[in-house]
Each structure stands twice: as C-alpha cells, then as structure tokens.
Amino acid sequence: MTPTYPNLNVSHIAKVHIAKVKITNRRSDVQYYSFSVFDANWKHIPFASQDRIVEVKLNTSKIIEIYIRSEDADRVVYICSESKLFKGTEKVALVSSRICSKVKK
Numbered sequence: 751m752t753p754t755y756p757n758l759n760v761s762h763i764a765k766v767h768i769a770k771v772k773i774t775n776r777r778s779d780v781q782y783y784s785f786s787v788f789d790a791n792w793k794h795i796p797f798a799s800q801d802r803i804v805e806v807k808l809n810t811s812k813i814i815e816i817y818i819r820s821e822d823a824d825r826v827v828y829i830c831s832e833s834k835l836f837k838g839t840e841k842v843a844l845v846s847s848r849i850c851s852k853v854k855k
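Residues in the sequence shown are numbered consecutively from 751, following the working numbering.
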C-alpha cells in the first residue's frame, strides 16, 4: 500500500477529510482487501469509502479514497489494508496480512 505516509486533505464535502491510498496485489492467493482506520491506541475510527472490501486482481493496482469526518481527522494515525482469505476456495493461503500506513501530521 502506498504512500507509506498518506496525507489527510480537506475534501470537496463539508466537514470531511480524504486520504487516497494505492493498493497493489502481488499475491496470487489473495484477491480481496478490506480497509480500516485507527488512532494511536489502535482503536477503530469510523470512515467511509466506496467499498469496505475491494477486489484487486493479481498484478494490478487500485486507488482507494477514504473519507474521515473532520472532527476525527486529528485522531487518525494509521490507515490499514488487510488481505481477505475465504474458506472453500481451492487455494489454501497460509498468511493473512495487514499493512498499515502512518498518516502524516
């Protein structure tokens, strides 16, 4: 997930900030990713995006826009992506990963 240190910018929507991150899938055993936003104590911060779970096919990238209320913007420290592994698939993945980027202040 890039950038490593994303910026929170004021969006075109009143009282809302936005962060844009790019996720690239290099894993053949994973096709879906979810996102989450955390504060310094790893407590969830509510956010909005077009999709909570995003399909990213092998060797492709997707830009994700994450919308955070302006009142929560000062608390945001981490934006994370997590690979989603599903039961019942033919492939057995051994590692589920969470990758976090630290927001620039």
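Glycine included, each C-beta is placed from N, C-alpha and C at the ideal position. All values reported here derive from a predicted model rather than from experimental measurement.
So V827 packs on V853, CB below 8 Å; how close in whole Å?
-> Position 77 of the sequence shown, counted from the first residue, corresponds to residue 827. Position 103 of the sequence shown, counted from the first residue, corresponds to residue 853. Their Cβ separation, rounded to whole angstroms, is 6 Å, which keeps V827 and V853 in contact under 8 Å.
Going straight from the alpha carbon of A790 to that of R825, what length do you get?
-> Walking along the sequence shown from the start, residue 790 turns up at place 40. Walking along the sequence shown from the start, residue 825 turns up at place 75. Whole-angstrom Cα-Cα distance: 7 Å.
Please state whether DSSP places S820 in a helix, a strand or coil.
-> As a first step, residue 820 is located in the sequence shown; it is residue number 70 there, counting from the start. Three-state result, S820: helix.
With a 10 Å radius around its C-beta and 16 neighbouring C-beta atoms as the bar for buried, classify V787 as buried or exposed.
-> In the sequence shown, residue 787 corresponds to position 37, counting from 1. With 16 or more Cβ atoms within 10 Å of its Cβ, V787 is classed as buried.
What's the C-alpha gap between K812 and T752?
-> For the purposes of this step, residue 812 is taken as the residue at position 62 of the sequence shown. For the purposes of this step, residue 752 is taken as the residue at position 2 of the sequence shown. Distance between the alpha carbons of K812 and T752: 11 Å.
Which residue spans inside the stretch 762-798 form an unbroken beta strand (DSSP E) run of at least 3?
-> Here the runs fully enclosed are 766-774 and 782-788.
What span of residues does the beta strand (DSSP E) with S831 cover, start to end?
-> One-based indexing of the sequence shown puts residue 831 at position 81. Looking at the DSSP string, the run of the beta strand (DSSP E) that includes S831 is Y828 to K834.
Which residue comes first and which comes last in the beta strand (DSSP E) that contains S846?
-> Stepping through the sequence shown from its first residue, residue 846 is reached at position 96. For S846, no beta strand (DSSP E) segment is defined, and its DSSP state is neither H nor E.
Which residue from K834, Q781, Q800 and S833 puts its Cα closest to that of K770?
-> For the purposes of this step, residue 770 is identified with residue 20 of the sequence shown, where counting begins at 1. It is Q800 whose Cα lies nearest to the Cα of K770.
Between R848 and the rest of its own chain, which residues show a CB-CB distance below 6 Å, the 5 nearest in sequence each way excluded?
-> Reading the sequence shown from its first residue, position 98 is the one you call residue 848. Closer than 6 Å at the Cβ level, and outside the excluded window around R848, lie C830 and E832.
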